[in-house]
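Chains as they are written, first to last, in our numbering: chain A, 193 to 545; chain B, 193 to 545; chain C, 193 to 545; chain D, 193 to 545.
There are 4 protein chains.
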Amino acid sequence: MKHTIFGESHGPAIGVTLSGVPAGIELDMDEIAFELSRRAPGKGPLSTARKEADVPEILSGMFEGQTTGTPLCAVIRNTDQHSKDYSKLQYLPRPGHADYTGFLRYDGYNDYRGGGHFSGRLTAPLVFAGAVAKQILAREGIAIGAHIRSIADVEDLPLENAGEPLSRALLRQVAEKPFPVLDDGRGEAMQQAILQAKAEKDSVGGIIECAVLGLPPGVGAPDYGENVEGVFAQHLFAVPAVKGVAFGAGFGMASMRGSECNDPIRIARGNIYTLGNVNGGVNGGITNGMPVVFSVAIRPTPSIAQEQDTIDLEKMENAKLTIEGRHDPCICHRAVPVIEAAAALATCELLGI
Amino acid sequence: MKHTIFGESHGPAIGVTLSGVPAGIELDMDEIAFELSRRAPGKGPLSTARKEADVPEILSGMFEGQTTGTPLCAVIRNTDQHSKDYSKLQYLPRPGHADYTGFLRYDGYNDYRGGGHFSGRLTAPLVFAGAVAKQILAREGIAIGAHIRSIADVEDLPLENAGEPLSRALLRQVAEKPFPVLDDGRGEAMQQAILQAKAEKDSVGGIIECAVLGLPPGVGAPDYGENVEGVFAQHLFAVPAVKGVAFGAGFGMASMRGSECNDPIRIARGNIYTLGNVNGGVNGGITNGMPVVFSVAIRPTPSIAQEQDTIDLEKMENAKLTIEGRHDPCICHRAVPVIEAAAALATCELLGI
Amino acid sequence: MKHTIFGESHGPAIGVTLSGVPAGIELDMDEIAFELSRRAPGKGPLSTARKEADVPEILSGMFEGQTTGTPLCAVIRNTDQHSKDYSKLQYLPRPGHADYTGFLRYDGYNDYRGGGHFSGRLTAPLVFAGAVAKQILAREGIAIGAHIRSIADVEDLPLENAGEPLSRALLRQVAEKPFPVLDDGRGEAMQQAILQAKAEKDSVGGIIECAVLGLPPGVGAPDYGENVEGVFAQHLFAVPAVKGVAFGAGFGMASMRGSECNDPIRIARGNIYTLGNVNGGVNGGITNGMPVVFSVAIRPTPSIAQEQDTIDLEKMENAKLTIEGRHDPCICHRAVPVIEAAAALATCELLGI
Amino acid sequence: MKHTIFGESHGPAIGVTLSGVPAGIELDMDEIAFELSRRAPGKGPLSTARKEADVPEILSGMFEGQTTGTPLCAVIRNTDQHSKDYSKLQYLPRPGHADYTGFLRYDGYNDYRGGGHFSGRLTAPLVFAGAVAKQILAREGIAIGAHIRSIADVEDLPLENAGEPLSRALLRQVAEKPFPVLDDGRGEAMQQAILQAKAEKDSVGGIIECAVLGLPPGVGAPDYGENVEGVFAQHLFAVPAVKGVAFGAGFGMASMRGSECNDPIRIARGNIYTLGNVNGGVNGGITNGMPVVFSVAIRPTPSIAQEQDTIDLEKMENAKLTIEGRHDPCICHRAVPVIEAAAALATCELLGI
């Protein structure tokens, strides 16, 4: 299954083309709508005020409610565009954003309005694609769920402490929360930290932790292009704002001992498992049958209301920029289903789906 | 340029096939030998006692000292094999290692001796390929260098504090050190930590930080398969023992504010740059002209001398394992040129070389 | 540049997603419409009576009339659908068509109406993609043109006899003809042969010959995946009804002598060329600077009005089929711009565009 | 399974790296030797006098006689090199050969000795790879066999007349013949034609026809990169001297009627088949369960003993060339196992092996 995401924030439409979809999948459109709603903007003081129905139209690859196996194209029309808000950004790149690099990469021909193809809005078709992937994976007994592991300095419980063994029911329960954390009290504290940053015309970042349950052991390979971590990372770094990807204890393993990192291998009633999952379900680039658990670092939203130093690309001189318009002081909660979507696509790739 | 690494630790040979090498590169074989020597085992008490000359023979793709542009294959014969040390591992997988996952993935047909294709020895042809890539990149004005950022809890200086701006001379100077750190005093402390772990029949992990200097701005794209971070990560996770990859401040950005993470854009004498490099030289998956700086988490060597819990795959019952043979209590110092090699191959891929 | 063609003949829309389009191409929409009109049905007694406006809507990747460099998606809505004509084909596969193989490949979930994704209608987005590719190639001085080399037993002049050297003006002149041949008298005879077949409730095939002018020498490589012939063939065989691809004298070389097939190499005023072009502009998988000339075999339209033997896939028994609906007795003239489009995409791939 | 063929005719070695080989294949080395012997030079007056043992050494990916599933590298050392024969070719490209295009493509750095990487000798590792592929396919019940369909103007029987249905035993019987044709009388006439051409300091071409038996129906897809014909063609055009590829009746379909080309679909005792196989086992890019039958055009050997017109690339002026050394007046009989090898690799690709 290969996907190509297309569209610009303020163009006619955004969408995705998916080829290699298995035939005969009866797509649950309500479930797709649920996933899109988790990512949707416009919920409360935490998010941008932009409202979009985000109802995808499937143009191809479906017949009588089931996938045909031929390429599926889904589009979401753009409707709520305030293009004038962005006009001054054409030559004043926002620090931390892709305005400057997009200008360079595309020789100034990129659609700069609202970030264009770099806009977070492009994660909507990614969530659509991920929702399709999740439904395919569900038939293989695979479930994917994520939560906010931390925002600013507030930490949620780690997944390994979320109950043993990690259950699909719990992941689903978190997915249905408006603020997807394991411990709602800590979630409250995270939201306070976000509002505090917003009040200070600033933004905050965080960490999202995700688990893939039911991936069979023996998937992947050590080699370039085939190892589990590399395939996941390729998909995850394509999500805007992701600056780090780590498996199991990840960077924490750097200050651990081998004796702490070698999950003991055990067998009980014919089932092989490990005590603990420090390695995040992967050894030597291959799944070991434990949940694949990884974390991604999400940078703070670059669009902040403070005056910032930048340059004027037309005049080629230093300049000041104060961004107007609507922006999220934190995108972590909206990014949770996006990370799950990327993980679902990575899982399909690893399984040869 | 595409590479395929082949070989097993105790098979006839290891090597690499490189296709797409530009024609007319006069390979500096001394420089290749230098890179291989940085990775080579057998230096002092920190490393395994296995000694290999590791002299690659180039079978194709070279003519009169220059690359022909057609596929280049280089092989390194295996000579110093102690296969009997490993025989008992056939059915007793080492915890934390790929023995169990390799057994599953390859239906028990994998060459288990010395880790087979999963052995750290396979990083020798990767270093060879990286050395070729570095020589190609040098013609484009690109230099790559890494150092040990931390081992156990001992931290080296970060690259951003290593002198301003980051110089090729400094990176080369670090590369030539037997223990590649910026601050040798801290390097001493790291080596003490390693020896301490070894004395306790244990091993330690660490973090390697790497910089790519001279990559032009505007390289990469936001999309899957093309973004700078994803391409680097795909190469880096293919290095054994890498469990995390992060760019710039990486996971640290999770607890930072947007105002701290938006490197201000400035212009001076026509040159555009950023004040600070929190984003590691990449915005929106595209290079911004600053050094591309990333960190990788290296897990502690799984082969430790303590008795460990595992299973017997033949009898399908719980078992105890005490590993004999020669093993590194830490691989970070030897992994430094390997990470550079992976970065060099990633850079070539991004540049369409 | 990569393309994914999507859609079904009787679904909501057909279209194409193009990624890797260079930024800053000012697309000439009239030229795109011209290419689509060359392929369009509904012209006189030779073609199906189905009429479609075939006006593509560009959903992304364009801004202020120029390509942005980010993925371009174009869709053509389906409007003139007579689905009931095809309903009985669900279980009665048409001999020579993909009904049976599509049913197998997609487990019966394929959209069988009007051939679904296998319909010749899907060549409209291919022509769109090719028209974009041609405009990009024109900036590099490359022109592509084809003609009908034969239909039934009637032969047009070969391109090598079309005037020396082969000119862009001539290729354009042929493209603008309603029936694209070099010699209109022979074209008349071909049309008679088509009408004769139609009168006999039958169809005819033919050969299309195509030339790529201006491809620089030294493009391609001998190796799998990189050789000029292989890259062209991969694109050409993806066009429905193509059953053979040959370069230069092609299958005719099988009964020639080496002395006839070795185009002598000559130099005049610093320009290197060959006397004759038996090799079709390619030696060892690499262009030699002469026009790349190839032929494709087009099979007769499988949909004919005669009663045919087939099976009933529901009842699993032998059956008779008489196809109703509208069908082309020959598709060669409409296939000419499709072959050019495939050639344009192949040329872009070879040039790394 | 991916392969990279490396080496130059007069370099240290030639070989192939195969990744993605299934684990646990017990390679029959005698069968591999048999395939290599079919391609080997040095048999009688028809071939070049160069003799090479062509014994491959497997460097990796094998353990205790079975494939490990990790990359397999096999090398064949070059021993019988007469490099001085070729020295004058450095600046005098042979017409019809890749000397000139290789010089351009690789900026003059290509190894020109004996054709370097373009040499027919490079088909030895391709035959090795194909022999591995055939053994994998045999486990799936798939057999591949080819014969010389024509040389000069002498035609062998077509496969469709070779007995009904086409049997594996017959294909094997042909493979074991020193001159692989169905009708040995016609084979004698072909050899006369070859010797006649040789006596006249010339060479001849031919057509090879190949069948793949046992490919299940429903393999492939209509889309670019996935259709059966395109995948085969990509592999076949990578074989030196191939100038055309056609399926079933191929270019002959251009002068046939639809009623002749629509193989009637029939069912008998639950088995679905077609009467006749004009489409070569493929409809709409997907297999229909009949043998996949295709033909390739082989150009006459470009190295002939006559004086030829060429240029001097050093002096940049017209020149005369008389080639010395040993050359085949026809390569068709030696190319038969090479075509089978390419077909075997294509079949593996289509089956996702």
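Glycine included, each C-beta is placed from N, C-alpha and C at the ideal position.
Bear in mind the structure is a predicted one, so any value in this text is a computation, not a measurement.
{"Item": "Beta carbon of G410 (chain C), beta carbon of T466 (chain C): below 8 Å?", "Value": "no"}
{"Item": "DSSP has C265 (chain B) in a bridge; who is on the other side?", "Value": "B:T209"}
{"Item": "Where does P408 (chain B) land, buried or exposed, given buried means 16+ other C-beta within 10 angstroms?", "Value": "exposed"}
{"Item": "At a CB distance below 8 Å, what residues from the stretch 306-326 of chain D approach chain B? Give them in sequence order.", "Value": "G308, H309"}
{"Item": "Can we say the stretch 475-494 of chain C touches the stretch 434-452 of chain C, given the rule of at least three CB pairs closer than 8 Å?", "Value": "yes"}
{"Item": "With C-beta atoms as the reference, is Y301 (chain A) less than 8 Å away from L505 (chain A)?", "Value": "no"}
{"Item": "At a Cβ cut of 8 Å, what residues of the stretch 197-220 of chain C count as close to chain B, listed as they run along the chain?", "Value": "S211"}
{"Item": "Give a yes or no on whether the C-beta atoms belonging to S395 (chain D) and G333 (chain C) are separated by under 8 Å.", "Value": "no"}
{"Item": "Evaluate P357 (chain A) with the Cβ neighbour count: other Cβ atoms within 10 Å of its Cβ, from every protein chain shown; 16 or more gives buried, anything less gives exposed.", "Value": "exposed"}
{"Item": "Can you name, in chain order, every residue of its own chain whose Cβ lies under 7 Å from the Cβ of A321 (chain B), other than the five neighbours on each side?", "Value": "H195, V208, L210, A533, L537"}
{"Item": "Let me confirm a value: E509 (chain C) is counted as buried when at least 16 other C-beta atoms fall within 10 Å, else exposed. Which label applies?", "Value": "exposed"}
{"Item": "Using only alpha-carbon positions, find the residue among B:P370, B:A335, B:S342 that is nearest to L363 (chain B).", "Value": "B:A335"}
{"Item": "Going straight from the alpha carbon of R554 (chain D) to that of V420 (chain C), what length do you get?", "Value": "Nothing can be reported for residue 554 (chain D): it is not among the residues displayed for chain D, which extend from 193 to 545."}
{"Item": "Mapping DSSP to helix, strand and coil, what is R305 (chain D)?", "Value": "helix"}
{"Item": "Going by the DSSP bridge assignment, what does N510 (chain D) pair with across the sheet?", "Value": "D:I503"}
{"Item": "Out of C:I496, C:N353, C:L349, C:I340, state which residue places its alpha-carbon closest to the alpha-carbon of F371 (chain C).", "Value": "C:I340"}
{"Item": "Exposed or buried, which one is N270 (chain B) when buried takes at least 16 other CB atoms within 10 Å?", "Value": "buried"}
{"Item": "With 16 as the cutoff for other CB atoms within 10 Å, does S495 (chain D) come out buried or exposed?", "Value": "buried"}
{"Item": "Helix, strand or coil: how does DSSP classify A413 (chain D) here?", "Value": "coil"}
{"Item": "Who are the neighbours of P263 (chain D) on chain B, taking C-beta pairs under 9 Å?", "Value": "T196, I197, F198, G199, T209, H309"}
{"Item": "So G476 (chain A) packs on T293 (chain B), CB below 8 Å; how close in whole Å?", "Value": "5 Å"}
{"Item": "What three-state label does DSSP hand Q388 (chain D) in the structure shown?", "Value": "helix"}
{"Item": "For S201 (chain D), count the other beta carbons within 10 Å of its own beta carbon; 16 or more makes it buried, fewer makes it exposed. Which is it?", "Value": "buried"}
{"Item": "On the DSSP bridge assignment, give the partners of H339 (chain B) in chain order.", "Value": "B:E401"}
{"Item": "Compute the Euclidean distance between the alpha carbons of A403 (chain C) and L349 (chain C), then round it to the nearest angstrom.", "Value": "14 Å"}
{"Item": "Hey, A225 (chain D) and I268 (chain D): beta-carbon distance below 8 Å or not?", "Value": "no"}
{"Item": "At a Cβ threshold of 8 Å, is N471 (chain D) touching chain C?", "Value": "yes"}
{"Item": "Can you list, in chain order, the residues of its chain with a C-beta nearer than 8 Å to that of G355 (chain A)? Leave out the 5 residues immediately preceding and following it.", "Value": "L362"}
{"Item": "Just checking my contact of G398 (chain D) with S311 (chain D) at CB under 8 Å: how many whole Å lie between their CB atoms?", "Value": "With a Cβ gap of about 20 Å, G398 (chain D) and S311 (chain D) do not count as contacting."}
{"Item": "Given that D415 (chain A) touches chain D, what residues does it touch there, using C-beta distances under 8 Å?", "Value": "S211, T262, P263"}
{"Item": "Could you pull the DSSP bridge partners for I459 (chain B) from this structure?", "Value": "B:I464"}
{"Item": "Looking only at DSSP bridge pairs, what is K435 (chain D) linked to?", "Value": "None, per the DSSP bridge assignment."}
{"Item": "Taking the CB atoms as reference points, tell me whether E499 (chain D) and K507 (chain D) lie closer together than 8 Å.", "Value": "no"}
{"Item": "Around the Cβ of Q365 (chain B), are there at least 16 other Cβ atoms within 10 angstroms (buried) or fewer (exposed)?", "Value": "exposed"}
{"Item": "Let me make sure I understand the geometry here. Which of A:L318, A:T260, A:I250, A:S252 has the alpha-carbon closest to that of R230 (chain A)?", "Value": "A:L318"}
{"Item": "Residues of chain A with CB closer than 8 Å to the CB of G544 (chain D), please, in chain order.", "Value": "G544"}
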